[in-house]
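Asks: Quick note: the sequence shown uses our numbering, first residue 3, plus one each step.
Glycine included, every Cβ here is placed at the ideal spot set by N, Cα and C.
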Amino acid sequence: MSKLSLDDKKWMAKDDARTLMNANEIADSKGRLRAALQEVKSIKKEAEATAKRAGKLAKIKGKTKRK
């Protein structure tokens, strides 16, 4: 096995650093996406609950009008 020159070692270190930075950026992006997805799910649940309450109110109003 041949010895690596100093330039080769520097190049490998820079390449490893770039790879690590890219991996960290991807992980950070995934974390932000997960947080956004949780927020969307929460908003969806709130909207469904509001729609359900609105439907119940509409039924109540409909029943009172028929009487």
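1) Helix, strand or coil: which one does DSSP assign to Lys61?
2) Taking the C-alpha atoms as reference points, what is the distance between Ala49 and Arg20?
3) Please report the straight-line C-alpha distance between Lys5 and Leu39, rounded to a whole angstrom.
Replies: The answer reads as follows:
1) Correct three-state label for Lys61: helix.
2) So the two alpha carbons sit approximately 43 angstroms from each other.
3) So the alpha carbons of these two residues sit roughly 50 angstroms apart.
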